Amino acid sequence: SVPKSISNTNIDILMNNAGVMALPDERRTQDGFERQIGINFLGHFALTAILMPQLAKKARIINVSSAAHIGAKKNDIEQAIVNNMFAPSKYSQWGNYCTSKAMNILFSKELQRRFDQAGRLGSIVSLHPGVVATDLGRYLIGGSDAAGSASLDLTQKQQAQPLLQFLSYLGVLPVEKGANTQVFLAAAADSETRDLGANGGLYFDKMQVAQSSQLTQDTDLAYRVFAAGERATGVSFLV
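If you want the working numbering, it's the 1-based position in the sequence shown plus 18.
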């Protein structure tokens, strides 16, 4: 339910940014969902549905995805749908991450389709923020031991330095620039007139329109992912 503190608030920008990445072993949310799909996709999905009545007439919803979505396989998404979003049958550290990020794009495209069909103003966009030097990759360094921590401890950070230095040569963004594309979209800088309703359904990278994978162009799959999300979370989108 919507907290009373914002029940009378018009939301212009909803940024769905929370995420976890590459958990080394299968873990569950309190609701029983595989954690990467639960946090990266279903949490954003349910929050957006709950906040729909609070969205301004021309609001923008920004769903943070990842270039890793290109690694998603249609069969894994199909299995997750059949399993009521309790994840594909076989857990994969990277496979589930890729699946969750592809679902964010499919969700964005289907919700935009529903906005357009209903004649509702506003836009839903998704993006790849870039590879950013944050603690998101803590499981790659700390393994399962990082699960109970929100961040790396000093020893793990020291161990991670050679890896981070190497990644910097591959274009890893410092934290200060890690939200550039999110802020760019929140400011509607993708539109010459700063129109929050522009470019709905599009995917962005490096502050410009980019092409998402062919899989995420599947409108039927987007519809089924959306419907499965509603069934799994118990929410309904009142567009």
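Note that beta-carbon positions come from the ideal geometry of N, C-alpha and C, so glycine has one too.
Keep in mind it's a predicted model, so treat the numbers as computed, not measured.
Asked, Found
"Drop a sphere of 10 angstroms on the beta-carbon of residue 36, count the other beta-carbons inside from all chains shown, and report buried for 16 or more, exposed for fewer.", "exposed"
"Could you say which of 41, 223, 203 and 50 lies nearest to residue 111 if we only look at CA atoms?", "41"
"On the DSSP bridge list, what partners appear for residue 78?", "31 and 141"
"DSSP three-state label for residue 69, please.", "helix"
"With DSSP run on the structure shown, which of helix, strand or coil describes residue 243?", "helix"
"For the beta strand (DSSP E) containing residue 221, name the first residue and the last one.", "221-223"
"Applying the criterion that 16 or more other CB atoms from any shown protein chain within 10 Å of the CB defines a buried residue, is residue 52 buried or exposed?", "buried"
"Nearest by alpha-carbon distance to residue 251: which of 104, 82, 81 and 28 is it?", "104"
"Who pairs with residue 228 in a beta bridge, going by DSSP?", "221"
"Check whether the segment 236-245 and the segment 85-102 touch, using three or more Cβ-Cβ pairs below 8 Å as the test.", "yes"
"Let me confirm a value: residue 162 is counted as buried when at least 16 other C-beta atoms fall within 10 Å, else exposed. Which label applies?", "The predicted model places residue 162 with a pLDDT of 46, which falls under 50 and marks its position as unreliable, so this point remains unresolved."
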